[in-house]
Amino acid sequence: MTEQELIAYLIKGDENAFKLLVNTYKKMVYNTVLGFVQNTHDAEDVTQDVFIKVFEGIGKFKQQSKLSTWIYRISITQSLDFNRHKNRKKRLGFLTSLFGADNTPLHHPVDFAHPGVLAENKEQAAILFNAINQLSENQKTAFILQKVQDMSQQKIAEVMGIKEGAVESLLTRAKANLKKLLTDYYSSL
Amino acid sequence: MKNRKEIEQLAEQALQSLETLQLVEANDFLAAKAWQRMQNQRHGVPANYNKLLLRLAAVLLIFVGINCASFYVLNNKTANKTSTATGVGAFANAYGLSNSSDNY
């Protein structure tokens, strides 16, 4: 089935077309989302949300870009929305911890062990993911797309809807910021 | 305490830790789960609506509870007062006393 045919079936609301869409792109979406939300259960939920959004919004897809590019964009938007919502909850959690009975924080940030990282790199990767979370959304997006999806700068520019030069600048700043954050972290040990 | 060179080396190693990252397989049943979830959202009531209803029901229950408790307490007080008044009357009658303050 070609991409055009798949889109046509999706517009009709065909269940088999939906299942084909999910099975074709699930690995791509899940890994992108996992890089952002850094939790396997949350990543699965957000991945489902992404495919529901794709299916419900397929009529608005103008086919000016590839379907995969459009799905990437939805994945990034959904992941960033999820993180914003989670951060709001965390702030509320901090407030509740202030009023906790035993004065202990109720909500601890959890180190993320990415299932795709080699065992010997797990500890360093968890520290790096914590640092990635402190980057701006644009720097984070560019960095994750490059490192997790192994995407070229041209493709990142297409997905983010910016120029290739801007992507290069984002990646340079992201790496410099990460290096500083990691240096500060190791200096404090 | 680590020196600057060691710290920079550790930071560089952490930055390189994602170089060998492998893509993870997604859940095999993701398509079925997502389809089911979509059907639930379309045909069922939204989850937020359920939560709102539960909260309203809880508030209503508390309101009714407070009213019932108030009614019971107030009713009991009236009953006590009546029984006290009846008790005083019976005592006055038994000993030939008048409960009127005008009788000197």
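Going line by line, the protein sequences match chains A and B.
Be aware that the first sequence starts at 1, since it is given in the working numbering, and climbs by one per residue.
Be aware that the second sequence starts at 1001, since it is given in the working numbering, and climbs by one per residue.
We put the beta carbon where it would ideally sit given N, CA and C, even for glycine.
Report task. Tell me, please, whether the CB atom of B:Asn1027 is closer than 8 Å to any CB atom in chain A? Result -> yes
Query raised in the report: Are any of the Cβ atoms in chain C nearer than 8 Å to that of A:Gly59?
Result: Going by chain labels, chain C is absent from the structure shown, which instead holds the protein chains A and B.
Query raised in the report: I think A:Val50 touches A:Ala43, with their Cβ atoms under 8 Å apart; what is that distance to the nearest whole Å?
Result: In fact, because the Cβ distance is near 10 Å, the residues do not count as touching under 8 Å.
Query raised in the report: Is there contact here, the stretch 1011-1026 of chain B with the stretch 16-31 of chain A, by at least three beta-carbon pairs under 8 Å?
Result: yes
Query - Residue interval of the alpha helix (DSSP H) (run including A:Tyr186) - result: Glu164 to Ser187
Requested in this report: Measure from the alpha carbon of A:Gln78 to the alpha carbon of each residue in A:Leu67, A:Asp111 and A:Gln48, then state which is nearest.
Outcome: A:Gln48
Report task. Please work out which residues of its chain come closer than 7 Å, Cβ to Cβ, to A:Thr69, disregarding the five sequence neighbours upstream and downstream, and give them in chain order. Result -> Glu158 and Val159
**Report entry** Against chain A: residues of the stretch 1031-1058 of chain B by CB proximity under 8 Å
**Finding:** Ala1031, Ala1032, Lys1033, Ala1034, Trp1035, Arg1037, Met1038 and Gln1041
Requested in this report: Mind checking the stretch 107-133 of chain A against chain B and listing, in chain order, the residues whose C-beta falls within less than 8 Å of any C-beta there?
Outcome: His114, Pro115, Gly116, Val117, Leu118, Asn121, Gln124, Ala125, Ile127, Leu128 and Ala131
Query raised in the report: How long is the line joining the alpha carbons of B:Lys1002 and B:Ala1011, rounded to whole angstroms?
Result: 12 Å
Query raised in the report: Are the C-beta atoms of A:Ser187 and some chain B residue less than 8 Å apart?
Result: yes
Query raised in the report: Does the beta carbon of A:Tyr9 come closer than 8 Å to any beta carbon on chain B?
Result: no
Query raised in the report: Within 10 angstroms of its Cβ, does A:Gln146 collect 16 or more other Cβ (buried), or is it exposed?
Result: buried
Requested in this report: Specify the secondary structure class of A:Gln63 as computed by DSSP and reduced to three states.
Outcome: coil
Query raised in the report: Can at least three beta-carbon pairs, one atom from the stretch 118-134 of chain A and one from the stretch 173-186 of chain A, be found at a separation below 8 Å?
Result: yes
Report task. Between the Cα of A:Ala113 and those of A:His41, A:Met1, A:Gly13 and A:Lys12, spot the shortest distance and give me the residue it belongs to. Result -> A:His41
Query - Partner residues on chain B for A:Gln78, Cβ-Cβ distance less than 8 Å - result: Correct list: empty, because the minimum Cβ distance to chain B is about 13 Å.
**Report entry** Distance CB(A:Leu118)-CB(A:Ala142) smaller than 8 Å
**Finding:** no
Query - Selection of the stretch 5-39 of chain A by Cβ proximity to chain B, strictly under 7 Å - result: Glu15, Phe18, Lys19, Val22, Asn23, Lys26, Lys27, Tyr30, Asn31 and Leu34
Requested in this report: Under 7 Å Cβ to Cβ from A:Ala125, same chain only, skipping five residues before and after it: list those, please.
Outcome: His114 and Val117
**Report entry** Under the three-state DSSP convention, the category B:Gly1044 falls into
**Finding:** coil
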